[in-house]
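In my numbering, the protein residues as written are 63 to 345. Glycine included, every Cβ here is placed at the ideal spot set by N, Cα and C. Computed from a predicted model, the values in this text were never measured in an experiment. The structure appears below as structure tokens.
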Ligand SMILES: [Zn+2]
Ligand SMILES: [Zn+2]
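Right, here's the structure in full:
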């Protein structure tokens, strides 16, 4: 075992029951996964029972899944100018955090939200305010983990400055999630060694690489700065396989979970995982 064991993983379906996810991850041969803890497209969220939670924790151990994060519902918008939607979003985030706590999931990944025309500064201030309220009853775990976004429409979070502002202004230890597709779509070049270096240096200065909790490994249908959130299979989009290998070989990201969110999910995960691992099999 010359090479370190990787934490390549994937977003895993919880269809049927949340406790089925660890077994599905194991069947893909991975030790890292992301899940939704409820239907990501509905406000009415199913409760996690004590027996679901116990069974989930047992199976995590039994199947050797070392890392898990949760992705929050896409309906949540902490930046919304509507007080009603904001209150609803905050309640949904509270419930997300509670489910993470019940299930022993240490990171809740979420998008900061869209300002919907009310302006970036106001939008960011609302996000910070909501996160401060949320972290009050929460403590450090599960960690509120802000994902960089592609910056579609009025979505916040498509710049290191936005991430830095959130990290600076929220009182508890905020973590970040770097989605490679969103990074390119947001205008951060990383496809050659020099620009890769510059982009991660800029992230280090703005936020600190120690804040990264997880990478999302997605190739991108759109090109640099397109601001489109369109994931593509690894090596088939505008990023290309070499950049993913560069990330996997980067010592700063040793033992960092790298989670696929590529099209067709588990049906195509084996293909994407095979591509990522291909070069690493040679000594
Ligand atoms: Zn996301
Ligand atoms: Zn993502």
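Cα-Cα separation, residue 214 to residue 261: 20 Å
Assigned exposure category for residue 344 - 16 Cβ within 10 Å defines buried: Residue placement at residue 344 is poorly supported in this model, since its pLDDT is 47, which falls under 50; the coordinates are not used for a value here.
Reduced DSSP category for residue 259 - H, G, I as helix; E, B as strand; rest coil: helix
Residues bridged to residue 9 [DSSP beta-bridge criterion]: A query on residue 9 cannot be resolved here, the shown segment of the chain reaching from 63 to 345 and no further.
Rounded C-alpha distance that separates residue 270 from residue 100: 31 Å
Per-residue DSSP class, three states only, for residue 243: helix
For residue 131, the residue or residues it bridges with in DSSP: 96, 169
Distance between residue 97 and residue 165 (C-alpha atoms, nearest Å): 11 Å
Residue 341 versus residue 297: straight-line alpha-carbon distance, rounded: 13 Å
Residues near ligand 2, criterion Cβ-heavy atom distance below 6 Å: 209, 241, 278, 323
beta-carbon residue 171 near ligand 1 non-hydrogen atom, thresh 7 Å: yes
Pick from 254, 248, 207 that is closest to residue 234, judged by C-alpha positions: 207
Any non-hydrogen atom of ligand 1 closer than 7 Å to residue 73 Cβ: no
Validate contact between the stretch 280–290 and the stretch 210–227 using beta carbons, cut 8 Å, 3 pairs: yes
Distance, residue 336 Cα to residue 280 Cα: 14 Å
Supposed contact pair residue 222 and residue 268 - C-beta distance, whole angstroms, cut 8 Å: 4 Å
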